[in-house]
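Worksheet: the structure to be examined is printed underneath.
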Amino acid sequence: MSPLDVATLRKDFPILSRTVRNDRDLVYLDSGATSQKPAVVLDAERDFYETRNAAVHRGAHQLAEEATDAFEMARATIAAFVGGHVSEVVFTRNATEALNLVAYAFQNATADAGPDRFVLEPGDEILITEMEHHANLVPWQQVARRTGATLRWFGVTDDGRLDFDPSMITDRTKVVSLTHQSNVLGTINPVAQVAAAAHEVGALVVVDACQSVPHMPVDVHALGADFIAFSGHKMLAPTGVGVLWGRADLLAQMPPMLTGGSMIEQVFMDHSTFAAPPQRFEAGVPNIAQAVALGVACDYLTDVGLQAIHEHEVYLTGLALEGLAGLPGIRIIGPTDLADRGGAVSFVADGIHSHDLGQVLDDSGVAVRVGHHCAWPLHRRFGVAATTRATFYLYNDEQDVAALVEGTKRALEFFA
Amino acid sequence: MNLESLYQEIILDHYKHGRGKGLREPFDAQVQHVNPTCGDEITLRVALHDAVVQDISYAAMGCSISQASTSVMYELLNGKPLGEVWPIHEAFVKMIEGRGKVEPDEDVLGDGIAFAGVASYPARVKCALLGWMAFKDATVQALGKDYT
Ligand SMILES: Cc1ncc(COP(=O)(O)O)c(C=O)c1O
Numbered sequence: 001m002s003p004l005d006v007a008t009l010r011k012d013f014p015i016l017s018r019t020v021r022n023d024r025d026l027v028y029l030d031s032g033a034t035s036q037k038p039a040v041v042l043d044a045e046r047d048f049y050e051t052r053n054a055a056v057h058r059g060a061h062q063l064a065e066e067a068t069d070a071f072e073m074a075r076a077t078i079a080a081f082v083g084g085h086v087s088e089v090v091f092t093r094n095a096t097e098a099l100n101l102v103a104y105a106f107q108n109a110t111a112d113a114g115p116d117r118f119v120l121e122p123g124d125e126i127l128i129t130e131m132e133h134h135a136n137l138v139p140w141q142q143v144a145r146r147t148g149a150t151l152r153w154f155g156v157t158d159d160g161r162l163d164f165d166p167s168m169i170t171d172r173t174k175v176v177s178l179t180h181q182s183n184v185l186g187t188i189n190p191v192a193q194v195a196a197a198a199h200e201v202g203a204l205v206v207v208d209a210c211q212s213v214p215h216m217p218v219d220v221h222a223l224g225a226d227f228i229a230f231s232g233h234k235m236l237a238p239t240g241v242g243v244l245w246g247r248a249d250l251l252a253q254m255p256p257m258l259t260g261g262s263m264i265e266q267v268f269m270d271h272s273t274f275a276a277p278p279q280r281f282e283a284g285v286p287n288i289a290q291a292v293a294l295g296v297a298c299d300y301l302t303d304v305g306l307q308a309i310h311e312h313e314v315y316l317t318g319l320a321l322e323g324l325a326g327l328p329g330i331r332i333i334g335p336t337d338l339a340d341r342g343g344a345v346s347f348v349a350d351g352i353h354s355h356d357l358g359q360v361l362d363d364s365g366v367a368v369r370v371g372h373h374c375a376w377p378l379h380r381r382f383g384v385a386a387t388t389r390a391t392f393y394l395y396n397d398e399q400d401v402a403a404l405v406e407g408t409k410r411a412l413e414f415f416a
Numbered sequence: 417m418n419l420e421s422l423y424q425e426i427i428l429d430h431y432k433h434g435r436g437k438g439l440r441e442p443f444d445a446q447v448q449h450v451n452p453t454c455g456d457e458i459t460l461r462v463a464l465h466d467a468v469v470q471d472i473s474y475a476a477m478g479c480s481i482s483q484a485s486t487s488v489m490y491e492l493l494n495g496k497p498l499g500e501v502w503p504i505h506e507a508f509v510k511m512i513e514g515r516g517k518v519e520p521d522e523d524v525l526g527d528g529i530a531f532a533g534v535a536s537y538p539a540r541v542k543c544a545l546l547g548w549m550a551f552k553d554a555t556v557q558a559l560g561k562d563y564t
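This is the structure:
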C-alpha cells in the first residue's frame, strides 16, 4: 500500500492532464531525468517576476530588498530541508556545477598552493565508485589529470550494490565522492559507513545527492558528508538552480571556481579579495526566481512528507519489479530486492535495443529514459550498451506501473 | 504517425538480416563513430578503386533504426561510382533531417524511403544517420589518402 493520496497530488501538476502521441494519457516515468512541477512552484516563479523582480544583493531600492529577502529565505528553507546552516548553502545552476565547484576547489588550491585540505599531489588518491553519473566522474578525472593524483573507484556487485572495500581507503585517500542513490540501479549506498571510514584517514566526503534529496529524508549530518550536491529541477523546482551544501569550515577555506561580480570583498586594479561563503561561490546575478521557487518546492515536499514519498516509491518499485519479472527475456540491472533501494528500475530486454523499446513505450504514452543515463562505465560493467529506465515520483501510481509493464509486453511482441 | 509507419517491414527485415555485415579486407579507411546519447557505435571500412565504392564493411551495435539504415545504405551505395553515391547520400540525409517535410524521391532512394517516418521522431535522427555519417567520413579519408 502507498502512504500517499496520489489522485489528489496529481491535481497539483498541470502537465499530467495532457495527452501525448495519438491522444494517450501521459504516463511520466522519467522523473529521474527531471521532475514535473506543481502549480504552486510555477506560480511562485511567476509571482517573483510580477511583484518583486530585481537583482539581489545590489541596489538600495525596495524591489532589490524584497528580491534579496525572497532569495535568502529560499536559502534558509533549503538549508533546513537538508539539516544544514543557511550560510552553508551555495546556489549553483545544477548538481553538475555544484560538483565541479568542489572539484575546482582542489584544482585551484593545488595550482595556487592554497589551503592544505584542498591541495593534491602525485600519490594522493581520489576515490569514487563505478556507479557514478558522469557529473561525479568526469570532473574527478580532470582533477586527477591536472594535479597528478590517482583516480580509484569502488566496484559494483552483480546485483547492483556498492562493492565497499574499506581497505581501499588509506592514508593516501584525500577525497571520497559517491552517489547517495544510483540514478540507474536505484541502489541506496551506505554513505554514513563510507564517510566514517573516509574521515578516519582525514579524507573529505562529497555526496552526489541528486537522486536522494528529492526522494527521501536527507540530513547532511546523519550522512556524515562534507559536501552534498543536488539539482532543483529533479525535486519539483524549475531548471537553472542547484545546490552545493558544504561544511562551513571547509567552505571558508575553499577557493572560488567562478570570479566576478557579487563574490568580492574588495577589488583593486591588480588584485581582489573575496567575500565569505556562500557569496564567494555565487559570482554574477543568480537564477533568483528559480531559487525562490525551489524554496517553495521544498515546502511542498515537506508537506507531503519525504518518508512517505520514499515508501510510496519503494511500493511502486516492488510492483514494477514484480510485473517485469513476469515477462520473458527481461533482465533487471540493479537490485531485485527492495532493501536500501529507491525508485529507479533499469532493464534490458533480450533482442530489443532500449531505443526501440522506449519507442514502443512512447507510442503507448509511457515516457521512460533509454540509453546509458550518463553512467556509461556502469553500463559497460554490466556488459550492456543501453538500458530502459523507469523512475518514480510522488505523482506516479499503480496504473503507471501497469502501463509500463503492458507497454514492455507490447514491445516484446512487436519485435518478436 | 504510428509505430507501424516508423518500423516498416523493410526496416525490420534489414534489422534482422543485415546486408554486408562484418569487417572485411582490403580497405582504404576505417572509422569509428558513436552516438554519445545512447552509446551506439559502428566501425566502418570503405574500399575505393578509381572513385568506385568497392566495399563497405561494418560492425555495429545499436537499435533497429541504426542497424537497418546501415544495411540499406550498403545495398544502395556499395559498388557504385562516387558520382552516383553522393546524390543518394545527400537525399537520404535531407529526408531524415527534414522533420517530415521533405518528400523523398523513390527513384533516388529506393528502399531508403522506408526511413521517411524517422524524420517525424527527432530523437531517432542520429540513429538513422550513424552509418551514413561514418561512410562519409571514411570515404573522405580514403580519398585524402588517394591523393597523397
Ligand atoms: C545521480 C546524478 N548525479 C548528477 C546528475 C546531474 O544533474 P544535473 O544535470 O541537473 O546537473 C544527475 C542527473 O541526471 C544524476 O541523476
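The listed protein sequences correspond, in order, to chains A and B.
One point on numbering: in this note's numbering, the residue at position 350 of the first sequence is 350, and numbering is uninterrupted.
Converting from the second sequence to this note's numbering requires adding 416 to each position, the first position being numbered 1.
Glycine residues also receive a C-beta, built at the ideal position from the N, C-alpha and C atoms.
Where does residue i sit, in a helix, a strand or coil, going by DSSP?
i: tyrosine 395 of chain A; result: coil
i: aspartate 337 of chain A; result: coil
i: methionine 131 of chain A; result: coil
i: threonine 564 of chain B; result: In this prediction, threonine 564 of chain B has a pLDDT of 44, which is less than 50 and means its spatial position is unreliable; nothing more can be read from the coordinates.
i: isoleucine 427 of chain B; result: helix
i: methionine 477 of chain B; result: strand
i: valine 41 of chain A; result: helix
i: arginine 389 of chain A; result: strand
i: serine 31 of chain A; result: coil
i: phenylalanine 489 of chain A; result: The structure shown does not extend to residue 489 of chain A, since chain A is modelled only from 1 to 416, so the question has no answer here.
i: aspartate 5 of chain A; result: coil
i: leucine 439 of chain B; result: coil
i: alanine 550 of chain B; result: helix
i: leucine 417 of chain A; result: Past the edges of chain A, shown from 1 to 416, lies residue 417 of chain A, and the structure says nothing about it.
i: alanine 111 of chain A; result: helix
i: serine 231 of chain A; result: strand
i: alanine 283 of chain A; result: coil
i: threonine 239 of chain A; result: coil
i: arginine 18 of chain A; result: coil
i: phenylalanine 91 of chain A; result: strand
i: valine 86 of chain A; result: helix
i: arginine 380 of chain A; result: helix
Less than 7 Å between the CB of residue i and some heavy atom of ligand 1, yes or no?
i: histidine 372 of chain A; result: no
i: asparagine 94 of chain A; result: yes
i: threonine 179 of chain A; result: yes
i: histidine 233 of chain A; result: yes
i: alanine 507 of chain B; result: no
i: glycine 114 of chain A; result: no
i: alanine 135 of chain A; result: yes
i: glutamine 253 of chain A; result: no
i: glycine 32 of chain A; result: yes
i: aspartate 340 of chain A; result: no
i: glutamine 557 of chain B; result: no
i: cysteine 454 of chain B; result: no
i: glycine 224 of chain A; result: no
i: asparagine 189 of chain A; result: no
i: leucine 290 of chain A; result: One detail in the question is off: residue 290 of chain A reads as glutamine in this sequence, not leucine. Result no, Cβ not under 7 Å from ligand 1.
i: glycine 240 of chain A; result: no
i: asparagine 183 of chain A; result: yes
i: glutamine 211 of chain A; result: yes
Is any beta-carbon of chain D found at less than 8 Å from that of residue i?
i: aspartate 456 of chain B; result: Structure shown: chain D not included; protein chains present are A and B.
What residues are listed by DSSP as bridge partners for residue i?
i: histidine 449 of chain B; result: B/Ile458
i: proline 122 of chain A; result: Proline 122 of chain A pairs with nothing; no bridge assigned.
i: histidine 465 of chain B; result: B/Val468
i: tryptophan 417 of chain A; result: Outside the shown range of chain A, which is 1 to 416, sits residue 417 of chain A, and nothing can be said about it.
i: serine 482 of chain B; result: None; serine 482 of chain B has no bridge partner.
i: proline 497 of chain B; result: B/Val468
i: isoleucine 264 of chain A; result: A/Phe274
Original post:
How do the region 305-318 of chain A and the region 261-273 of chain A stand: do at least 3 beta-carbon pairs fall below 8 Å, yes or no?
Top reply: no
**OP:** Evaluate the contact criterion for the region 96-106 of chain A versus the region 314-328 of chain A: three or more CB pairs, one atom per stretch, below 8 Å.
**Re:** no
Original post:
Taking the runs of the beta strand (DSSP E) that are 3 residues or longer, which of them lie wholly in the region 306-352 of chain A?
Top reply: 330-333 and 344-349
Subject >> Segment contact flag, the region 221-239 of chain A with the region 281-295 of chain A, C-beta cutoff 8 Å, min 3 pairs >> reply: yes
**OP:** Pick out the complete beta strand (DSSP E) segments inside the region 200-228 of chain A, 3 residues or longer, and give them in chain order.
**Re:** 204-208
Original post:
If we count Cβ pairs, one from each stretch, closer than 8 Å, do we get three or more for the region 418-438 of chain B versus the region 370-382 of chain A?
Top reply: no
Original post:
Is it true that the region 503-512 of chain B meets the region 534-550 of chain B, where meeting means three or more beta-carbon pairs spaced less than 8 Å apart?
Top reply: yes
**OP:** Evaluate contact between the region 487-503 of chain B and the region 394-408 of chain A, counting only Cβ atoms and requiring at least three cross-stretch pairs below 8 Å.
**Re:** no
**OP:** Decide yes or no for the touch test of the region 439-450 of chain B against the region 554-561 of chain B: beta carbon pairs closer than 8 Å, at least 3 of them.
**Re:** yes
Original post:
Is it a yes or a no for the region 479-486 of chain B touching the region 537-546 of chain B, going by three-plus beta-carbon pairs under 8 Å?
Top reply: yes
Subject >> At least three beta-carbon pairs within less than 8 Å, the region 206-213 of chain A to the region 161-180 of chain A >> reply: yes
Original post:
Taking contact to mean at least 3 C-beta pairs separated by less than 8 Å, is the region 52-61 of chain A in contact with the region 16-32 of chain A?
Top reply: no
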